[in-house]
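Trainee:
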Amino acid sequence: MAVNFIYPEYEAARNYDRCIACRVCERQCANEAHEYLEDIGKMACDDTKCVNCHRCVALCPTRALKIVSSGNTYKENANWDSKTINELYKQAESGGVLLSSMGSPCGHPVYFDKILINASQVTNPSIDPLREPMETKVFLGAKPREIERGKNGELINNLPPMLCLSMPVMFSAMSYGSLSYNAHECLARAAQKLEICYNTGEGGLHENFYQYGANTIVQVASGRFGVHPQYLNSGAAIEIKMGQGAKPGIGGHLPGTKIIGDISRTRMIPEGSDAISPAPHHDIYSIEDLRQLVYSLKEATGYKKPIIVKIAAVHNVAAIASGIARSGADIIAIDGFRGGTGAAPTRTRDHVGIPIELALASVDQRLRDEGIRDDISIIAGGSIRSSADIIKAIALGADCVYIGTAALLALGCHLCRTCYSGKCNWGIATQEAKLVKRLNPEIGYTRLYNLLTAWRHEIKEMLGGMGINSIESLKGNRLMLRGVGLNEKELDVLGIKHAGDK
Amino acid sequence: MCEYYCAFAGTNGKDMARALKDCDIKPRINIEEADGISFAVSCRHCREPLCVKGCITGALGMDGTVITIDKDRCVGCYTCITLCPYGAISASGDGAVQKCELCVSTSEGIPACVRGCPNGAIVYEERA
């Protein structure tokens, strides 16, 4: 094009003293950014094609490559920053809705980073997790209010179905189709070894993965793709997806080009047809309607599986959660606005929804105020980045957390945020066979296992530091949290005191 | 990349950039590619190796289960190259032939190609 409005944001900086022209960068780049120039015997890079995924950087055997900011700037303007200007140029050219992948990179406040965790000193002893037992196991589901006994005083088991997890972390819903087969295998195998659960997302369950059923949450979303009785009965729990943190109020769309072979069979739709998940469930317009679906699913599975209802964190999330708790659901999953996605309209992702920390605190408080907190468990998601975030989420009232982006990072994702292109160089968000095989499930699942094993150690350390020996004792224990740099209202919503306050 | 790590292992250098800059590499492992499938071809260390049997100077020999090459003895007749059914032996450019010796003399127990494979596709294991 004669006029190019957008200059590449990043460029591949090559140290020609170290480059041996082995061409690994050229072979590894699915965007074809690198090229070997035969006539001068040197590598070159077309920065307009680079998405900054770091595949070439990570594989360059001589460390001759790095990606740097191109430094090109428009005239500085506090109001019209370069991102805003570039987005406008793109739309002026395409006339289309802007699409983005992964969680919002915008600078909205991260409340987890403004919350600090307590520790024991002198008057209450801390616990050394290496010497004393430390319980990280959690049970998700409705807890009965009373202990029932039979005529002879024996305990009657009145427990509704529960999800039993070795630690309060699960892999959040990411569908087969948005993720590759190998990525799903990594998640499933890691979940099995860690004794936690992963989530199918709205893509059905590949026939090879039924073997991991005890560690699988099967999702029923608005498109109902891949849902059949065997599918519902194969998992440990069923999740009804009402919303997603990255795109509250928006449905999903997996383009027909990705609906091929196994994916078409698993989703039970013809090859090449677009998989469009509507924004609402067309049979749910009230809590009563939701209750019907909850009980339809319970009926279909013999009342043996807990039902999760997943919603995006939006303004009146507490009232919605209260309704869900009364709908017969066993677990509610709340997805904060920083949660990830394979593709979402940029404006929705960056401007719709509320932070998980605030949503979680207000839901937990509302359910407690109404005396129904024990009727339902809470899963918090939407950018849980470390074990410290998990501790904070649990102290704010969560029973468990969902991690999605963190899990993908463990698999090699570099957050280049171009999942929608389908050319993931790390073999995660792609269906191209030659890219998919770059993710070796053996290596991937080990990395996931390592990550969560490390987090489990850290959780135990922090629990011990607080003098707590069980994750259940931390749940909703907001006295263990203090805010820094938060105003009265924020502290009030979070239900915590400011650091230094008595 | 296995090809480059193999070539680098052969140089005994410390820095790949210095060792392999501006040179034509001659790896002892070669990638064959077709229809989106790649396959690394290197010596299979046969139990009854035709190359050793055919070597006219005794340069090729067995060190345990590893087939090794004594470059001082090799006269470059290339009999082994014609005999190897896998195409795993090649000319080294210095008169003698070269082949994979599982890095017995150069690396710390694990062949360079195995350490250099980013996806765990090449494994080093004992086969009964």
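Chains D and L are the protein sequences, given in the same order.
If you read the first sequence in my numbering, its first letter stands for residue 1, the second for the next number, and so on.
If you read the second sequence in my numbering, its first letter stands for residue 1001, the second for the next number, and so on.
Just so you know, even glycine gets a beta-carbon here, dropped at the ideal spot from N, CA and C.
Fair warning: this is a prediction, and the values are worked out from it, not measured in the lab.
Going straight from the alpha carbon of aspartate 39 of chain D to that of glutamate 26 of chain D, what length do you get?
Mentor: 16 Å
Trainee: With DSSP collapsed to three states, give me the class of phenylalanine 225 of chain D.
Mentor: coil
Trainee: Can you confirm whether glycine 1036 of chain L, when its beta carbon is compared against all beta carbons of chain D, has any partner nearer than 9 Å?
Mentor: yes
Trainee: Look at alanine 398 of chain D and leucine 358 of chain D and say whether their C-beta atoms are less than 9 Å apart.
Mentor: No, these two residues do not count as a Cβ contact at 9 Å.
Trainee: Could you tell me whether any Cβ in chain L is nearer than 9 Å to the Cβ of alanine 393 of chain D?
Mentor: no
Trainee: Check the C-beta distance from arginine 18 of chain D over to arginine 63 of chain D and give it rounded, since I have them as a contact under 8 Å.
Mentor: 6 Å
Trainee: What's the C-alpha gap between cysteine 238 of chain D and aspartate 364 of chain D?
Mentor: The sequence shown places isoleucine at residue 238 of chain D, rather than the cysteine named in the question. Straight-line Cα distance between these residues: approximately 22 Å.
Trainee: Measure the alpha-carbon distance for glycine 444 of chain D versus tyrosine 176 of chain D and round it to whole angstroms.
Mentor: 16 Å
Trainee: In the DSSP assignment, what are the bridge partners of tyrosine 176 of chain D?
Mentor: For tyrosine 176 of chain D, DSSP records a beta bridge to D:Leu179.
Trainee: Measure from the alpha carbon of alanine 144 of chain D to the alpha carbon of each residue in D:Val57, D:Ser377 and D:Lys49, then state which is nearest.
Mentor: The question names alanine, but residue 144 of chain D is proline in the sequence shown. The shortest C-alpha separation from proline 144 of chain D is found at D:Ser377.
Trainee: Can we say the stretch 435 to 442 of chain D touches the stretch 253 to 269 of chain D, given the rule of at least three CB pairs closer than 8 Å?
Mentor: no
Trainee: DSSP three-state label for methionine 480 of chain D, please.
Mentor: helix
Trainee: Alpha carbon to alpha carbon, how far is asparagine 79 of chain D from lysine 49 of chain D? Give it in angstroms, no decimals.
Mentor: 28 Å
Trainee: Applying the 10 Å Cβ sphere with the 16-neighbour rule, what's the burial state of serine 1105 of chain L?
Mentor: exposed
Trainee: Considering only C-alpha positions, which residue in the set D:Pro109, D:Ser273, D:Cys29 and D:Leu451 is nearest to serine 386 of chain D?
Mentor: Of the candidates D:Pro109, D:Ser273, D:Cys29 and D:Leu451, the one whose C-alpha sits nearest the C-alpha of serine 386 of chain D is D:Leu451.
Trainee: Tell me glutamate 1032 of chain L's beta-bridge partners as DSSP assigns them.
Mentor: DSSP lists L:Phe1039 as partners of glutamate 1032 of chain L.
Trainee: Using a Cβ-Cβ cut-off of less than 9 Å, give me the residues of the stretch 37 to 64 of chain D that come near chain L, in sequence order.
Mentor: Gly41, Ala58, Leu59, Pro61, Thr62, Arg63 and Ala64
Trainee: On the DSSP bridge assignment, give the partners of lysine 151 of chain D in chain order.
Mentor: DSSP output for lysine 151 of chain D lists no bridge partner at all.
Trainee: If we count the other Cβ atoms within 10 Å of its Cβ and call it buried at 16 or more, is cysteine 1103 of chain L buried or exposed?
Mentor: buried
Trainee: Report back the beta-carbon spacing between valine 309 of chain D and isoleucine 284 of chain D to the nearest angstrom; my notes put them in contact at under 8 Å.
Mentor: Not really, about 10 Å apart at Cβ, beyond 8 Å.
Trainee: Write down the C-beta distance between lysine 114 of chain D and leucine 408 of chain D rounded to the nearest angstrom, noting that I regard them as a contact closer than 8 Å.
Mentor: Rounded, the Cβ-Cβ distance is 26 Å, inconsistent with contact.
Trainee: Over the uninterrupted beta strand (DSSP E) stretch that includes threonine 1068 of chain L, give me the two end residues.
Mentor: 1066 to 1069
Trainee: Which bits of chain D does glycine 1093 of chain L rub up against, with CB to CB less than 8 Å?
Mentor: What glycine 1093 of chain L touches in chain D: nothing, since even the nearest Cβ is about 17 Å away.
Trainee: Applying a beta-carbon distance threshold of less than 7 Å, which residues of chain D neighbour lysine 1014 of chain L?
Mentor: Per Cβ cutoff of 7 Å: no residues; lysine 1014 of chain L is ~12 Å from chain D at best.
Trainee: Could you name the residues of the stretch 428 to 460 of chain D whose beta carbon sits closer than 7 Å to any beta carbon of chain L, in the order they occur along the chain?
Mentor: Of all residues in the stretch 428 to 460 of chain D, Ala433, Lys434, Arg438, Asn440, Glu442 and Ile443 have a Cβ within less than 7 Å of some Cβ in chain L.
Trainee: In three-state terms, what does DSSP make of glutamate 461 of chain D?
Mentor: Residue state, collapsed to three classes: helix.
Trainee: Report the neighbours of cysteine 424 of chain D on chain L: residues whose CB is nearer than 9 Å to its CB, in chain order.
Mentor: The contacting residues do not exist; cysteine 424 of chain D stays about 15 Å from chain L at best.
Trainee: Is arginine 482 of chain D close to chain L? Criterion is C-beta to C-beta, closer than 9 Å.
Mentor: no
Trainee: Return the residue from the list D:Leu474, D:Thr446, D:Cys416 and D:Leu254 that minimises the CA-CA distance to serine 101 of chain D.
Mentor: D:Cys416
Trainee: Quick check on the DSSP output: the alpha helix (DSSP H) that includes glycine 261 of chain D runs from which residue to which?
Mentor: Its alpha helix (DSSP H) spans residues 261 to 267.
Trainee: Whole angstroms is fine: what's the gap from arginine 482 of chain D's alpha carbon to glycine 150 of chain D's?
Mentor: Straight-line Cα distance between these residues: approximately 46 Å.
Trainee: Measuring alpha carbon to alpha carbon, tell me which residue in D:Phe209, D:Pro160 and D:Pro168 is nearest alanine 183 of chain D.
Mentor: D:Phe209
Trainee: Judging by CA-CA distance, which residue of L:Ile1122, L:Glu1126 and L:Arg1127 is the nearest neighbour of valine 1041 of chain L?
Mentor: L:Ile1122
Trainee: Against methionine 1001 of chain L, what residues of chain D qualify as contacts under a CB-to-CB distance less than 8 Å, listed in chain order?
Mentor: Cys22, Val24, Leu59 and Pro61
Trainee: Between the stretch 1107 to 1120 of chain L and chain D, which residues of the former have a C-beta closer than 8 Å to a C-beta of the latter?
Mentor: Gly1116, Pro1118, Asn1119 and Gly1120
Trainee: From the DSSP output, in three-state form, read off leucine 1060 of chain L for me.
Mentor: strand
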